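Working notes, structure below.
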Amino acid sequence: MSYRFLKYFFAIILLVYFVGGLASRNSAKGELYPFFSWFLFDQVPNEKQNFTMRIISHGGQRHEPPLEFSQATDIFRTINQSATQYFYVIQDLGYGILNGNDRQIENARERLEKIFLGMPATYEILQVRYDPVQYWRTKEFKELKIIGVYESGK
Amino acid sequence: MNLVNKLYNWLTGPVSISRLANESWSFLKAETSVRYFYYILLYLSFINFQWWDNVANRQNFDAIWPIFWGNGLGYETTATVVQFLHLATAFLAAIFFRHRWARFLAFLGMSQFHALESSFGQPTHQWYLFVFVSLLFIFIPDVWKKGKEVSIGAKKNLLLVFWSAQAITFLSYSMSGLGKFLGAYYQYSIGQIHGFSPHAFAYQIADWLPKIQADPVLGSFIINHPLVGWPFYAGIHFVMFFALWAAFRPSLQKLWAFSLILFHVGTYVTMDISFAPPIILLILLFMNSPFLRPETTVKDTVRDFPVVGWLLAKIT
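Protein chains in written order, with the numbering used here: chain A, 72 to 225; chain B, 807 to 1122.
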């Protein structure tokens, strides 16, 4: 391969990498493998409204008070996966409930309930509003609304 | 056209491959770094292989297109095949790196491993750069022919491939920096806490830690003392945004690589984000850069520094 050919070839690769990466932000998941914008933590989370999960019971054990998603470390350690992956599944489920989209609910529940590894579990989905620093300090949401209660596998 | 040429020469002058191809030290550095890339890839593939337990019990496997064949086989079988492939191809490349077929296999093994890691709903970002650099390294000419003088053409191609690997690495950081600047501008314009606010870092950490259920060593400290983290957080916008500029200015490459490594260390101790593979890549590509002339001085670094160097050049 000539030097001249390679020079143009690599210039095009870099250009496609850049443009493809930025364009992939408009895809459904925000990235289109292998293109990625690298826009990680590009905005500072101010007061937020999103969804979370609380586990009421799991594997025959009742949690009093219900175990908040951010505290359920053992569950994610058992399946060797990052809790962040399931944070987005919870968001899918929350939006599905709000929009009354049964298919989205079913799909998100199927993915989410795999974390229980077939054990019976009851959990609730909450719509919450919080200030990240205040929540980190107090573990209290500014607003909290239970929008769904589910039993795994049912 | 004259202006375009002038601009091109101004931008690429310090990394003039035609000139550097005549310098034996430059060739030697590039050749050594490529060689070590494959040795280290072997080490990393073994580390990944060793963490075999980490693949057990994972849920929601949904193979992305590079491992389309995995959906039919199921997760356990796919993971076994990919782990062995990754290790075997890295082994071959560490021995036969002078051959293009071995470098192609190393890319294949690396990309299959990355695809496996990315097949749980979200791509894994920390291996992206290894995939792209191993792809670019396929194009390295054979500069290891025993008993034969390496031609200038082959040396030029080696340096070009090496620079492209440097460029795609730094470009990725620049894209991240671009996102941060755009995000900061947007949030500033609507009156929110933005990337340059004194409390920005504390908010990022406080929002992130509950999501990953972690308590890193300095996370709480920065949330409680946001002003300590502020200069680092604001400064990283600058370092990241101008990373691509450092690809064109070899006098900055080590400094930028160290700054970005420090950034990765910082995100680990404050946010528990482990981005270890890019650190090894930054070391391999920039600590022994074939574009950094031995006679480079601190004055050269200051002159090449983005914004500050430009301003100084105007004044002096």
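Idealized CB from N, CA, C, for every residue including glycine.
No experiment lies behind these values; they were computed from the predicted model shown.
Within chain B, partners of residue i - CB distance below 8 Å
i                : result
Leu85 (chain A)  : Ser970, Ala973, Ile974 and Leu977
Gly224 (chain A) : Residues of chain B passing the Cβ test: none, with the nearest at roughly 14 Å.
Ser22 (chain A)  : It is not possible to answer for residue 22 (chain A), since the shown part of chain A is limited to 72 through 225.
Met72 (chain A)  : Phe945, Pro947 and Asn963
Asn117 (chain A) : Gln993, Gln998, Ile999 and Tyr1009
Lys216 (chain A) : None at all; the shortest Cβ gap to chain B is about 18 Å.
Tyr159 (chain A) : Gly927 and Gln928
Ser98 (chain A)  : Chain B residues near Ser98 (chain A): none, gap ~12 Å exceeds 8 Å.
Straight-line Cα distance separating residue j from residue i
i                 : j                 : result
Gln932 (chain B)  : Ile999 (chain B)  : 28 Å
Phe902 (chain B)  : Arg96 (chain A)   : 39 Å
His134 (chain A)  : Tyr1039 (chain B) : 39 Å
Lys961 (chain B)  : Phe968 (chain B)  : 11 Å
Ala885 (chain B)  : Ser917 (chain B)  : 13 Å
Tyr814 (chain B)  : Ser970 (chain B)  : 16 Å
Tyr994 (chain B)  : Phe1002 (chain B) : 9 Å
Gly1115 (chain B) : Arg1109 (chain B) : 4 Å
Ile1085 (chain B) : Arg174 (chain A)  : 42 Å
Phe897 (chain B)  : Thr838 (chain B)  : 18 Å
His892 (chain B)  : Thr209 (chain A)  : 45 Å
Thr123 (chain A)  : Leu1024 (chain B) : 25 Å
Val956 (chain B)  : Leu826 (chain B)  : 14 Å
Tyr104 (chain A)  : Phe147 (chain A)  : 25 Å
Tyr166 (chain A)  : Leu1088 (chain B) : 40 Å
Ile1029 (chain B) : Pro1016 (chain B) : 13 Å
Gly219 (chain A)  : Phe1007 (chain B) : 33 Å
Thr895 (chain B)  : Leu1117 (chain B) : 49 Å
Tyr992 (chain B)  : Gly101 (chain A)  : 18 Å
Tyr221 (chain A)  : Glu882 (chain B)  : 29 Å
Ser153 (chain A)  : Ile1018 (chain B) : 7 Å
Thr1186 (chain B) : Trp1014 (chain B) : Outside the displayed span of chain B (807 to 1122) sits residue 1186 (chain B), for which this structure offers no information.
Gly959 (chain B)  : Arg182 (chain A)  : 54 Å
Ile83 (chain A)   : Gly91 (chain A)   : 11 Å
Ile946 (chain B)  : Ile168 (chain A)  : 53 Å
Ala179 (chain A)  : Gln120 (chain A)  : 19 Å
Leu966 (chain B)  : Tyr74 (chain A)   : 8 Å
Phe910 (chain B)  : Lys835 (chain B)  : 22 Å
His1043 (chain B) : Ser128 (chain A)  : 44 Å
Listed by chain order, chain A residues near residue i by CB distance under 9 Å
i                 : result
Ala1119 (chain B) : Neighbours of Ala1119 (chain B) on chain A: none; closest Cβ ~27 Å, over 9 Å.
Ala1012 (chain B) : Pro116, Asp202, Pro203, Val204, Gln205, Tyr206, Trp207 and Arg208
Gly959 (chain B)  : Ser73 and Tyr74
Gly989 (chain B)  : Phe110, Phe112, Asp113, Gln114 and Val115
Residues sharing a beta bridge with residue i, DSSP
i                : result
Ala192 (chain A) : A:His129
Tyr221 (chain A) : A:Tyr194
Gln865 (chain B) : Note: Gln865 (chain B) sits in no beta bridge, so no partner.
Arg200 (chain A) : A:Gln120 and A:Glu214
Leu103 (chain A) : A:Phe106
Glu139 (chain A) : A:Arg125
Chain A residues whose Cβ lies nearer than 7 Å to that of residue i
i                 : result
Asn815 (chain B)  : In chain order: nothing, as chain A lies at least about 14 Å away.
Ile1029 (chain B) : Val204 and Trp207
Proximal residues of chain A, C-beta to C-beta of residue i below 8 Å
i                : result
Met916 (chain B) : None at all; the shortest Cβ gap to chain A is about 12 Å.
Leu966 (chain B) : Tyr74, Leu77, Lys78 and Phe81
Trp871 (chain B) : Tyr104
beta-carbon residue i near the ligand ATP non-hydrogen atom, thresh 7 Å
i                : result
Gln865 (chain B) : What this structure holds is no ligand at all, so the ligand ATP is not there to describe.
Listed by chain order, chain B residues near residue i by CB distance under 9 Å
i                : result
Ile168 (chain A) : By Cβ distance, chain B contributes nothing, its closest Cβ being about 19 Å from Ile168 (chain A), past 9 Å.
Val90 (chain A)  : Residues of chain B passing the Cβ test: none, with the nearest at roughly 11 Å.
Leu138 (chain A) : Simply none; closest approach about 11 Å.
Under 7 Å from the C-beta of residue i: neighbouring residues of chain B
i                : result
Lys185 (chain A) : Gln865 and Asn866
Gln156 (chain A) : Phe926, Gly927 and Gln928
Arg230 (chain A) : Lying before the first or after the last residue shown, residue 230 (chain A) is absent from chain A, which here runs from 72 to 225.
Ser108 (chain A) : Met981 and Gly985
Ile176 (chain A) : Those within 7 Å of Ile176 (chain A) in chain B number zero; the least Cβ separation is about 16 Å.
Three-pair Cβ contact test at 8 Å for the segment 920 to 927 of chain B versus the segment 1056 to 1073 of chain B: The segment 920 to 927 of chain B, when compared against the segment 1056 to 1073 of chain B, does not touch it at the 8 Å Cβ threshold.
Three or more C-beta pairs below 8 Å linking the segment 1017 to 1036 of chain B and the segment 946 to 960 of chain B: The segment 1017 to 1036 of chain B is not in contact with the segment 946 to 960 of chain B.
Inter-stretch contact at 8 Å, needing at least 3 Cβ pairs: the segment 1089 to 1106 of chain B / the segment 969 to 976 of chain B: Yes: the two stretches touch, three or more of their Cβ pairs being nearer than 8 Å.
The segment 1044 to 1060 of chain B contacting the segment 818 to 826 of chain B, beta-carbon criterion three pairs below 8 Å: The segment 1044 to 1060 of chain B vs the segment 818 to 826 of chain B: in contact.
The segment 110 to 118 of chain A contacting the segment 178 to 189 of chain A, beta-carbon criterion three pairs below 8 Å: The segment 110 to 118 of chain A is not in contact with the segment 178 to 189 of chain A.
At least 3 beta-carbon pairs within less than 8 Å: the segment 200 to 209 of chain A vs the segment 100 to 112 of chain A: Counting Cβ pairs under 8 Å, fewer than three are found: no touch.
Every unbroken alpha helix (DSSP H) within the segment 1009 to 1076 of chain B, with a cutoff of 4 residues, ordered by chain: Within the segment 1009 to 1076 of chain B, the complete alpha helix (DSSP H) runs of at least 4 residues are 1025 to 1030, 1032 to 1047 and 1049 to 1054.
Runs of alpha helix (DSSP H) lying entirely within the segment 911 to 993 of chain B, each at least 4 residues, in chain order: If one requires a minimum length of 4 residues, the alpha helix (DSSP H) runs lying completely within the segment 911 to 993 of chain B are 934 to 942, in chain order.
Cβ-based contacts, 9 Å cut-off: residues of the segment 912 to 939 of chain B near chain E: Included in the structure are the protein chains A and B, with no chain E among them.
Segments of 4+ residues assigned as alpha helix (DSSP H) that fall wholly inside the segment 155 to 187 of chain A: Runs of the alpha helix (DSSP H) lying entirely within the segment 155 to 187 of chain A and spanning at least 4 residues, in chain order: 173 to 183.
Cβ pair count under 8 Å reaching 3, the segment 210 to 221 of chain A against the segment 145 to 159 of chain A: Judged by Cβ distances under 8 Å, the segment 210 to 221 of chain A makes no contact with the segment 145 to 159 of chain A, as fewer than three pairs qualify.
Inter-stretch contact (C-beta, 8 Å, three-pair minimum) for the segment 1042 to 1053 of chain B and the segment 1061 to 1069 of chain B: Touching, yes, given that three or more Cβ pairs across the two stretches are closer than 8 Å.
Start-end ranges of the alpha helix (DSSP H) lying completely within the segment 824 to 909 of chain B, minimum 4 residues: Runs found: 830 to 856, 876 to 879 and 881 to 902.
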